[in-house]
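The next block holds one structure in the form of structure tokens; read it before the comments.
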Amino acid sequence: MNLPEEVRVGNEKVFYIYTSFGEKLATRVGSSLTCYRGPLVYSGETLLYLVHPEGLTRKSTGGYVYYYMKLDHPGCMRVLCHASGNTLISLLESF
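Heads up, the sequence shown stops at 1168 in this note's numbering, and the numbers go up one at a time, no gaps.
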């Protein structure tokens, strides 16, 4: 598999850890480790967010916050919206 194991970003190195099937298990930047367990994403033992087919869910102080992805016809994300409808990220790249 042609997957990156190490990428240099400025003065820092980003390390990626994969299973033998190519599934990403973790990303390490300095002393920070982000782990991927199926749809769950952790920083250390703290759950950061849960990925689901419609987008992702993140825990906040007042409960859970939902973000929804709008995909184009090949299934690539074009817009990430907050549950309120506000656009957070909009990708308008053409090839």
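In this text, a Cβ means the ideal position worked out from N, Cα and C, and glycines have one as well.
By a beta-carbon distance limit of 8 Å, L1120 contacts L1113. Their separation comes to about 6 Å. Leaving aside the five residues that flank K1097 on each side, the residues in its chain whose CB is nearer than 7 Å to its CB run, in chain order, Y1089, Y1091, Y1109. Nearest to V1102 by alpha-carbon distance, out of S1093, V1124, E1078, is E1078. Scanning the stretch 1106-1130 from its first residue to its last, the whole beta strand (DSSP E) runs of 3-plus residues come out as 1113-1116, 1119-1125. The alpha carbon of M1142 has as its nearest neighbour, out of G1111, L1129, T1100, L1076, the alpha carbon of L1129. Counted as a single uninterrupted DSSP element, the beta strand (DSSP E) harbouring F1088 occupies residues 1085-1091.
With a cutoff of 8 Å on beta-carbon distance, Y1140 and H1125 are scored as not near each other.
In the DSSP assignment, T1160 falls within the unbroken beta strand (DSSP E) covering 1160-1163. Spanning the alpha carbons of R1151 and N1084 requires a straight line of approximately 30 Å.
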